[in-house]
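**Q** Just so you know, my numbering puts 148 at position 139 of the sequence shown, and the rest follows in order with no gaps.
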Amino acid sequence: MTPPPRTATLFHDVRPFGGPARDLVAVDGVLVDGVPEGAVVERVEGGGRLALPTLVDAHIHPDKTSWGEPWHSRRPAHGIAEYVAGDVELARALPTPVAERALRLMSHAAAQGTRAMRAHADVAPAYGLSGIEGVAEAARKLAGIVDVELVAFPQHGVVRTPGVAELLAEAAASGLVTHIGGIDPAGFDADGGDGDQLGTVFGLAGKHGLGLDIHLHDRGEQGLAPLRDIAARTRALGLQGRVSVAHAFAVAGLSGAELDETADLLAEAGVALTTVALSATTVLPFRRLAERGVTVGLGSDGVRDSWSPFGNADMLHRAWLAAWALDARLDEELEGCFRLAADGGADLLGLARADLRPGSPADFMLVDGECLPQAVVDLPRRDLVVRAGRVVARDGRLV
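Structure representation (structure tokens):
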């Protein structure tokens, strides 16, 4: 029996990274040099638009979002404990289940050009595993459109909140998560007793073959000491390449030889970092870190949750925010912020870079624009979003 002919999708008249107009050809989800002989061709007109890689959100909290919900007025909060209390209040006040809210937000992100994300969902007695289950349900519905890694995140603390360690163990055994999280073991989650948050989460990761993603907000030595501990445990347990630290505000405060020494420690241990461009003082020095061999990704963090009314899950806008916070002015600086969201995020999630070359994933977006730096500044509408060679969104909406 003769096999059916292969199908090739030809995207006509596009300008990769602002270069000369040409065609991009996708076969079986991968870009190829040209249309294979005998292939059935599906033609998509690019209209001379700028072609850019789709992006990776390396840190987002879909379970917390009130995106698309009635406006929520926030009250003052000072410190993580008060923000955590606000999370619980908001979760109880929202009329829409986690799965529906998460799907709404994650669909929006995909339509803006996000091809993959690492999603954190709170695990605590206040919620049980409802956050994990809701985000996992949303991820299933978006299979083939956006890849999702799911972190069981102990926002309430492992040591300070009874029952969290047991829920983390349940999440780890559920088959729903890819990572176990952690949070500020020297500050917020230190009770002065015999609790060992890092021992608990590293133990669960090792037992179930999961990765680790640990939030470190603490600055100065209170943040650096756990970072060194994480690096040492990662090396000792052979988890290189499977551990990352989010925020790492203590690293953002380093410079010179101290920054280089810390970067070398992380690179040797295979510990990655994520940043979310909250402010000029918290954005990680990602270019210097990358030069020393540290993988750094960019993320949205919370999107319109109890912590902040801001956020939109648009990773091109997040690259804009990073550029704004860093006072980027040169083309290479603007491009560096885009690459942080594209290549840095892909490296962090273990994905092939979508560099628009033959052999790379056929994951890209078409926008009106002259060049990549201009796109970072102007934030054009995503006219077309392509995932694995298939058009998944037009004009900012999934199709």
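We put the CB at the ideal spot given by N, CA and C, even for glycine.
(1) In three-state DSSP terms, what is E158?
(2) I believe A67 touches G354 by the beta-carbon criterion, under 8 Å. Please report the beta-carbon distance rounded to the nearest angstrom.
(3) Which residues mark the beginning and the end of the beta strand (DSSP E) in which S253 is found?
(4) Measure the alpha-carbon distance for A128 versus R242 and round it to whole angstroms.
(5) Are A272 and R297 close, meaning C-beta to C-beta below 8 Å?
(6) Need the endpoints of the alpha helix (DSSP H) that E142 sits in, please.
(7) Candidates G378, Q121, A361 and P382: which alpha carbon is nearest G38's?
(8) Just to confirm the assignment, what range does the alpha helix (DSSP H) spanning V173 have?
(9) Would a C-beta distance cut-off of 8 Å place V305 and T290 closer than the cut-off?
(10) Do you know how far the Cα of V132 is from the Cα of A94?
(11) If you follow the beta strand (DSSP E) that P25 is part of, which residue opens it and which one closes it?
(12) Less than 6 Å between C-beta atoms, sequence neighbours within five positions excluded: which residues of the same chain meet that for A214?
(13) Between which two residues does the alpha helix (DSSP H) holding H70 run?
(14) Please list the terminal residues of the continuous beta strand (DSSP E) segment that includes R399.
(15) I need the DSSP call for F319, collapsed to helix, strand or coil.
(16) I'd like to know if the segment 56 to 76 and the segment 377 to 391 are in contact, where contact means that at least 3 CB-CB pairs between them fall below 8 Å.
(17) In this structure, what does DSSP give as the bridge partners for F373?
(18) Does the beta-carbon of A148 have 16 or more other beta-carbons within 10 angstroms, so that it is buried, or is it exposed?
(19) Could you check where the beta strand (DSSP E) with G191 kicks off and where it finishes?
(20) With distances taken from CA atoms, which of R399, V408 and V395 is nearest G122?
(21) Quick check: the Cα distance between E277 and L339, rounded to an integer number of angstroms?
(22) Unbroken beta strand (DSSP E) runs of length 3 or more, entirely within the segment 299 to 371: which are they?
(23) The alpha helix (DSSP H) spanning H117 covers which residue range?
(24) Using beta-carbon positions only, say whether V167 and Q231 come within less than 8 Å of one another.
(25) Out of E179, A402, L365 and H117, point me to the one whose CA is closest to I141's CA.
(26) Below 8 Å on the Cβ atoms is my contact criterion, and I expect G143 with V107 to pass it. Report the Cβ-Cβ distance as a whole number of Å.
(27) Going by DSSP, what residues sit across from I223 in a beta bridge?
(28) Cβ of L388 within 8 Å of Cβ of W333?
(29) Is the beta carbon of L19 closer than 8 Å to that of A351?
(30) Who are the near neighbours of V34 in its chain, counting only those whose CB is closer than 8 Å to its CB and skipping five residues on each side?
(31) Quick one: using the 10 Å Cβ neighbour count with 16 as the cut-off for buried, is V50 buried or exposed?
(32) Just the Cα atoms here: how many angstroms apart are R24 and A111?
**A** In short, the structure shows the following:
(1) Note: E158 maps to strand in three-state DSSP.
(2) Right, their Cβ atoms sit about 5 Å apart.
(3) DSSP places S253 inside the beta strand (DSSP E), whose first and last residues are V252 to H256.
(4) Rounded to the nearest angstrom, the two C-alpha atoms are 24 Å apart.
(5) In this structure, R297 lies closer than 8 Å to A272 by Cβ.
(6) E142: member of the alpha helix (DSSP H) spanning S139 to K150, first to last residue.
(7) Checking every option, the nearest Cα to that of G38 belongs to A361.
(8) Secondary structure note for V173: its alpha helix (DSSP H) is the uninterrupted segment V173 to A182.
(9) In this structure, T290 does not lie closer than 8 Å to V305 by Cβ.
(10) Distance between the alpha carbons of A94 and V132 is about 14 Å.
(11) Segment T16 to P25, the beta strand (DSSP E) holding P25.
(12) For A214, where only same-chain residues beyond five positions count, the Cβ hits under 6 Å are I189 and L221.
(13) First-last for H70: undefined, no H or E at that position.
(14) Its beta strand (DSSP E) spans residues R399 to R403.
(15) Assigned with DSSP and collapsed to three states, F319 falls in coil, not helix or strand.
(16) With contact defined as three or more Cβ pairs closer than 8 Å, the segment 56 to 76 and the segment 377 to 391 are in contact.
(17) Bridge partners of F373 according to DSSP: P62 and V395.
(18) Burial call: buried.
(19) From DSSP, the beta strand (DSSP E) with G191 extends over H188 to I192.
(20) When only C-alpha atoms are compared, the closest one is V395.
(21) Using only the alpha carbons, I get a separation of about 31 Å.
(22) Runs of the beta strand (DSSP E) inside the segment 299 to 371: 305 to 307.
(23) Per DSSP, H117 belongs to the alpha helix (DSSP H) from V107 to A120.
(24) No, Cβ-Cβ distance for V167 and Q231 is not below 8 Å.
(25) Ranking E179, A402, L365 and H117 by Cα distance to I141 puts E179 first.
(26) About 3 Å; that satisfies the 8 Å criterion.
(27) DSSP, once it has assigned bridges, lists G191 and V254 as partnering I223.
(28) No, Cβ-Cβ distance for L388 and W333 is not below 8 Å.
(29) No, they are not a contact pair.
(30) Taken in chain order, the residues that qualify are A17, T18, L19, F20, L40, V41, D42, G43 and V44.
(31) For V50, the number of other beta carbons within 10 angstroms of its own is below 16, and it is reported as exposed.
(32) Using only the alpha carbons, I get a separation of about 34 Å.
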